[in-house]
Structure formats: structure tokens, C-alpha cells
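If you read the sequences in order, they're chains P and C.
With my numbering, you'll find the first sequence wraps up at 93, consecutive numbering, no jumps.
With my numbering, you'll find the second sequence wraps up at 626, consecutive numbering, no jumps.
Just so you know, even glycine gets a beta-carbon here, dropped at the ideal spot from N, CA and C.
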Amino acid sequence: SQASDDRKVYVVYMGKPSEVEGGFSAASARHANMLQQVLTTSDASNSLVYSYHRSFSGFAARLNDDEARKLAEMEGVVSVFVSEKKELH
Amino acid sequence: TTRSWDFMGLLDEASRTRLESDVIVGMLDTGIWPESKSFTDEGFGPPPPKWKGKCQSSSNFTCNNKLIGARFYRSNPVEGGGDILSPRDTEGHGTHTSSTAAGNLVAQASLFGLGLGTSRGGVPSARVAVYKICWSDGCSDADILAAFDDAIADGVDVISISVGGSIPREYFKDSIAIGAFHAMKNGILTSNSAGNTGPGSATISNVSPWSLSVAASTIDRKFVTKVKLGNGKAFEGISVNTFQLEDKMFPLIYAGDAPNSTAGFNGSLSRFCFPGSLDMNLVQGKIVFCDEIGDGTTALSSGAIGTIMQDANFLDVAFVFPLPASKLDLNAGSKVFQYLRSTSNPEANIEKSTTIDDLSAPFVVSFSSRGPNQITLDILKPDLTAPGVDILASWSEDATVTSLAGDNRVVPFNIISGTSMSCPHATGTAAYVKSFHPTWSPAAIKSALMTTAFPMTPKLNADAEFAYGAGHLNPVNAINPGLVYDATEIDYIKFLCGQGFSTNNLSLVTGDQSNCSDVRKTAASDLNYPSFALSIKTRRLVSRVFHRTVTNVGLPVSTYKAIIQAAPGLKVTVRPATLSFSSLGQKISFTVRIKAKTAGKLISGSLTWDDGVHLVRSPIVTFVN
């Protein structure tokens, strides 16, 4: 429960969609698979917030800092950062 | 808007309808009020065939042939705040920006008679697609990226996002920079607000070179609100006051004399009209004089019938308040205070606002964020400025004028300020250029906007290009720039290699085998950018050569001569100094050597290519960082 409370939404940016990106289901499954490799207590389907696949590749997921660090080290990941709030100007 | 497009000389041209109607403007914002007259679809045919988007319609939200798409993105659960899971705008901001960029012509638009005129966007015949990313608790990166992901794939032509973070981020750790990069890859220019954290130096946070960063400046219409005192004197304050008080005098009280002492406040706190600091028994039915600008809610909730505020800041922008209000500068404020202290029964009245011509316009407003760019010092930001002060445009009727407690005014048009308001002017202009030149790249369109901008003067903005970039948006000339500084994805990749990004990351971003060891790493100063910035660490003589290439989009056969302007301390040499073109699309490269010894903080200059028809102007800035 505590680990779950520590989770924040992170963005995992992976660049251009790959040639084999497929549709939403394929991308979502691939991203969930990546997530499952790092998640300690949560299920990937509960953690995944968005699968970006139409114009670029990546996903947003609820992670703790440790899980985010592990994802940042995975092949195919450009950057991982906390989804912060921007403001209207 | 009812004035800003006229102010820039862009008049309505009915013949533009067919070309503009193929252009789709993507608005990433708070959603939209679809019932606004700015978005009715009378005279519009079906969406262009390239459109792949959708309308997340529900029982009370529908799109039409003007508003062709609407989606919403919410990664966190909705927890109050008036948010509804719909593209419907409950805030007003997204409706305002959308109508500024691409709203229909609407006659007799005003805010209770203020700013009366025909409202319009930059491209009234273009289509609008909205992507709601902002809610009562802000705009999350995850939602922003989801919207970019869809907008790019949906087929929009230009993206507008009047949103930003508190500090600049590395390019691939910034949702807007990432989204704008992939938009650029797909031929879509992203227009982005500079931010409202000025006038301090280095306050701009949206700085990616593949997007357009827009500062905010004034137009020649200024809202003033007269304050009349019981002694017959009158002072002109700055506010948008829609209220008409009775034509009589009301008791005036100094907030410092009305502390809510039962709540622990004394006069030294209540004078600023802090929340809860005023004694209702003392201010009820009176006009309260406060020593600082606020949002007016303290006075309103305390039963005051109006408020007069004095403040040394925000003298160049008129805010709207939920009760009769006027803001005075300290000079006028001190006179009001003297009057308060000179009589036992002080009285005042606050008149409804009127407008005056502001002959000093345009200048960049104080709140507009300033350069230099802290991520890449040698890329000048902001890129240009556009109208962003006291802009009247459409509003959501699910919101009130100020969205503050006690404000019940529901209106179809509202007057607000921000780089949020300037950004859609640049968006609309980019869409306007795109309608003339559908094949131009985002960089070419951006170049057209920057090199045709009206030059501005440091007499009104001492921080010069750090306030206004290339100058003031000029929609009429932007469609015919003569030359453009074009750039494609590979140019930005070379730039990113030069910025130290790894080959591995860049090959992921591009999806190919981009390798920084295979391409010439481009120094920031050599990105084919329509402006020149040279940062210096010390105040010694520095020299640098900038490489540029221009593409002829003007007359097929033409000869351009370089005109250099340089302030003392700056020496600029262009080689060759004459460019001769024999065909459209022809590219010619040249170098610009800048030698500078910066005595002060910043030295300005410019390079203008002149063929007798076109003036292709780029600002040059040297500064000590």
C-alpha cells in the first residue's frame, strides 16, 4: 500500500513509433510488457495511463522512483520524467 | 478579437474562404464552448479529406463543420473544481484562444459594451480541432503528450499551445518540446506562449528551436477607469470595469482603517486587502482603497461596493474584477490617500471603463517572459511578439467573467491578457501563411513570421530582443517573405548532436540510424535559424562565424543585398554581401561573422536582405550571460 502511495505518473518517452508499432492494442501490450518487467507491487494494466503510439512512441504510467529508474535504463527508452503540471499562460 | 487583427493590418478578405477552409488549427487548451457564434458552421462544407480526428461528443456536446474535432485528456481522476469529463470548456481560456486563432466573424461583439466591434480570428474560414489538456488543477505532461500524439495523427496543420512550465527543461524531458518535435517531423508548426513570468531576465521556459515562442505586447486600445473623488478631483486608473455605479458619491474608506481585528488583523495587514482582513461592518456599502492590487474578492466578500487599488506594478495591463474597481499608479494613489486623510467624510465613485488610443503601442508587456534562453544560449528566444494585452475574444458560458466567487456575469466575450492570448495570434498567422503555401515546412513558416516582423525599439523595452525577439508579428507581409531560413528534421538532429545528445537517443527519436559521428555536429549558432544570438562569458572581444542558407520564395530572378545595422561594440560582416537568385526554390549559403565586445548586458543589431521588394530581417544579439 505504501509503495502504491509513492507512485506518481511518469512519462516514458521512446521516440518515433517503430515500424512494427501496430495499433493501440499492440502498442499498449508492448508498453505493458515493459512495465511488468519493472513493477514490484502493481499490475501493469493498473499502472498504465496512456500508450502513445500514433505519432511517437512511449507511455505514461504510475511508478515509484525506483521503477522509473529501471525503465530509464531499458533499451529503447529516450527519457523518463515525472508528469508535472504546467499552467495556462 | 475586435481590434488586434486590424491593429496588425489584417483585414477581412472574403475571397480567402476556400483556401483557408482546408486548414485545420489544433488547439491544446481548456476545451471549447461549441455554442459560441465564433464556431458556428454556416457556409462551411465537410471537413477536408485529410482529417482523421474525431469528436468525443456526448449528449450535450457536438462538433460541426467548423469545429471538426474535440477530445479531452485527463490522467488523474476529476476531483471537483467544476471539471467535467468533456471537451466542453468550463474555464473560458480555450474558447478565447480558439476564437483568436480561427474564430468566425461575429458582429457586435463586446464585454458589456466594452471593446465593441466585429470579432474574428486570424483565419475565420479555417477549421478548429480542440484537445482539452488543462483542467482546474493545471495541465499535466502526460495529458499534453496524449493530445500531441492525437493531434499530429489527426491531420491538423498548426498546433497552438498557450501553456508552460515554471522552469525550462531539457528538450526530451519537456512534454511540449517532445510533442512539437514530432509535430515538426510531420510538417506541423507548434506555436507556443513564452510565459507570463516577466519582466525578469531568463524567465522564458518554452524554448525548443523547432517551435515558435511568442511574447505578448500591447495594442493601441487601452482600457481606463476613472475614479472621481468628493473633492472634485478625478484620476484615470487601469482596469476593465463593466459595472455602472449610480451617478452619486459613495463613502470611501482606507483598508488600513478597517481591519478585521476579531480575526487578528491590524491595519498594517488590512491595508493590502488580504483575504479575511477587512471588517465587514466598516466597509459595507463603501468603496475600499487598498495599498496593493488584488483580485477584488476580499472587498467584495466584505460587502464593499467597489475598490480602488494603488500599485506600482501591472501599469500596462487592465484586469477584470468581480466588482467595480480601478487600479491607480502610486502617484494618483497618493493623492487619493491624501484626500482620505484630509476629510472626515471621504467619498468616491468608480466609472465604467472607457477606451483610449494608446500611441505607445506596441511594446512588450511587463509580465511577458524574457530571454535569454537558458537551455541553448545561442538560440534567441522569444522568437517574436504578438498582441496579448486586453484582448477581447469568445468566452465559455459555463464560466463567469473572472471565475471568482461572487461573480455571476456570464458572457459570450471576455477581455483577458497573457502570452496565452499572443500565442494564438501567431498560430492564426501561421495558418494564414499555410493557406497560401501549403507545402512550406514548419521552419519556413516560422521564418516567414520572424523575418517579416515589424522591428521594435529598445526605447520602450530596454531588454530589447529578449523581450520581443525578431519583433512584432506582421500577418500581411508574412505571406510574402521573399527568402526563408528553412530547416528539416536532420538539421535539428545535427543541432541536437551539437548539444550533446547521444546517438542512441537520437536514433530512437528519428526512427532511423541517425548517428552523431556520421553527421557534422552543428553548433547552435549554425542551426539555420532566422535570428542570430551570441552569448559571451566574459567582456572580452569575441568573434564567431554563423553559417546560414536562404531559400528563394519571392521573385524567381532577384538580387538581395545585405544591410547591416549594429550598435557600438558589434561588428558584423556578411559574405557574400549580395545574393543573386535565378529561380524559385534556389538555395544560397552565406556566412555572418560577428565580432563583439559587450560593454553592457546586450548589444543589438540586424541583418536585412533587401531586393527592393522584400525586406528579410533577422535580429542579431550579443550578450554576456
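Contacts around residue i, its chain only, beta-carbon distance under 6 Å, and the 5 residues preceding and following it disregarded
| i | result |
| --- | --- |
| C/Ser100 | Ser39, Gly122, Ala394, Ser395 |
| C/Pro169 | Ser206, Val208, Gln375, Ile376 |
| C/Phe455 | Gly472, His473, Asn475 |
| C/Trp136 | Asp84 |
| C/Val157 | Ile25, Gly27, Ala130 |
| C/Ala567 | Val573, Gly606 |
| C/Leu580 | Tyr561, Ile589 |
| C/Arg89 | Gly32, Phe62 |
| P/Ala76 | Val84 |
| C/Met9 | Pro476 |
Unbroken alpha helix (DSSP H) run spanning residue i, endpoints
| i | result |
| --- | --- |
| C/Phe149 | 142-155 |
| C/Ile494 | 490-499 |
| C/Ile446 | 443-452 |
| C/Arg17 | Unbroken run through C/Arg17: none, as it is neither H nor E. |
| C/Trp6 | 5-8 |
| C/Glu466 | 466-469 |
| C/Ala431 | 420-437 |
| C/Arg342 | 331-343 |
| C/Asn415 | Taken as a continuous stretch (DSSP letters only), C/Asn415 belongs to no alpha helix (DSSP H), being part of the beta strand (DSSP E) at 414-417. |
| P/Arg34 | 28-42 |
| P/Arg73 | 69-76 |
Closest Cα partner of residue i within the set the options
| i | options | result |
| --- | --- | --- |
| C/Asp13 | C/Ala152, C/Lys447, C/Phe173, C/Val124 | C/Val124 |
| C/Asp1 | P/Arg66, P/Arg73, P/Ser61 | Examination of residue 1 of chain C is not possible in this model, given that chain C is present from 2 through 626 alone. |
| C/Gly389 | C/Lys53, C/Gly407, C/Tyr255, C/Lys223 | C/Lys223 |
| C/Tyr561 | C/Lys67, C/Asp612, C/Ile33, C/Ser423 | C/Asp612 |
| C/Ala147 | C/Val159, C/Ala181, C/Gly118 | C/Ala181 |
| C/Gly233 | C/Ala349, C/Leu405, C/Cys274, C/Ile288 | C/Ala349 |
| C/Thr1 | C/Pro78, C/Leu405, C/His548 | Within the shown structure, residues of chain C are numbered from 2 to 626, placing residue 1 of chain C beyond reach of any answer. |
| C/Ala563 | C/Thr2, C/His97, C/Ser607 | C/Ser607 |
| C/Ala463 | C/Ala264, C/Ser605, C/Gly116 | C/Ser605 |
| C/Lys186 | C/Thr552, C/Gly512, C/Ser37 | C/Gly512 |
| C/Asn314 | C/Lys328, C/Pro323, C/Val321 | C/Lys328 |
| C/Ile357 | C/His94, C/Asp23, C/Leu115, C/Gly44 | C/Leu115 |
| C/Lys598 | C/Glu36, C/Val543, C/Ile480, C/Ile621 | C/Val543 |
| P/Gln40 | P/Met78, P/Phe85, P/Pro21, P/Tyr17 | P/Met78 |
| C/Asn242 | C/Ala326, C/Ala427, C/Ala488 | C/Ala326 |
| C/Thr204 | C/Leu381, C/Glu398, C/Phe251, C/Val337 | C/Leu381 |
Limits of the unbroken beta strand (DSSP E) element including residue i
| i | result |
| --- | --- |
| C/Ile537 | 533-537 |
| C/Ala235 | 235-239 |
| C/Gly116 | 115-120 |
| C/Ser607 | 603-611 |
| C/Met28 | 25-30 |
| C/Ser619 | 616-625 |
| C/Met281 | Not the beta strand (DSSP E): C/Met281 falls in the alpha helix (DSSP H), residues 281-284. |
Own chain, CB closer than 7 Å to residue i, minus 5 neighbours either side, in chain order
| i | result |
| --- | --- |
| C/Glu237 | Val225, Lys227 |
| C/Leu405 | Asp296, Thr298, Pro323 |
| C/Thr355 | Val225 |
| C/Ser176 | Asp142, Ile145, Leu146 |
| C/Gly334 | Gln311 |
| C/Pro48 | Asn66, Ile69, Arg128 |
| P/Ala36 | Ala48, Ser49, Leu52 |
Contact belief for residue i with residue j at Cβ below 8 Å, rounded distance in angstroms
| i | j | result |
| --- | --- | --- |
| C/Phe582 | C/Val558 | 7 Å |
| C/Cys140 | P/Lys90 | 5 Å |
| C/Ser536 | C/Leu378 | 4 Å |
| C/Pro260 | C/Ser240 | Not confirmed; about 25 Å, so no contact. |
| C/Ala362 | C/Thr458 | Not really, about 12 Å apart at Cβ, beyond 8 Å. |
| C/Pro373 | C/Val215 | Contact flag wrong, Cβ pair sits at about 16 Å. |
| C/Lys287 | C/Ile254 | 5 Å |
| C/Val284 | C/Ser303 | 5 Å |
| C/Thr420 | C/Ala217 | 4 Å |
| C/Pro413 | C/Tyr486 | Incorrect: roughly 41 Å between the Cβ atoms, too far for contact. |
| C/Leu528 | C/Cys517 | Actually they are not in contact, since the Cβ atoms of C/Leu528 and C/Cys517 sit about 15 Å apart, beyond 8 Å. |
| C/Ser120 | C/Ser163 | Contact doesn't hold; Cβ gap of about 18 Å is too wide. |
Sequence-distant residues of the same chain with beta carbon closer than 8 Å to residue i, five excluded per side
| i | result |
| --- | --- |
| C/Pro200 | Ser367, Phe368, Ser369, Arg371, Asp464, Ala468 |
| C/Thr41 | Asn65, Lys67, Asn105 |
| P/Gln6 | For P/Gln6, the pLDDT reaches just 46, beneath the cut-off of 50, and the residue's location in the model is therefore unreliable, although a value from the coordinates is still provided. No residues qualify anywhere along the chain. |
| C/Ser619 | Met451, Thr452, Ala471, Tyr486, Pro531, Ser532, Phe533, Ser607, Leu608, Thr609 |
| C/Pro482 | Ser448, Ala449, Thr452, Thr453, Val554, Gly555, His615, Val617 |
| C/Ala432 | Glu21, Val24, Val26, Ala102, Ala103, Gly123, Val124, Ala127, Asp158, Val159 |
Discussion item. In chain order, what are the residue ranges of uninterrupted beta strand (DSSP E) at least 3 long that sit wholly in the stretch 178-232 of chain C?
Written reply: 190-194, 212-218, 222-230
Worksheet item: Hey, which unbroken runs of the beta strand (DSSP E) at 3 residues or more fall wholly within the stretch 368-395 of chain C?
Response: 385-388, 392-395
Fill in: Inside the stretch 527-599 of chain C only - beta strand (DSSP E) runs reaching at least 3 residues
533-537, 543-553, 559-567, 571-576, 579-582, 588-597
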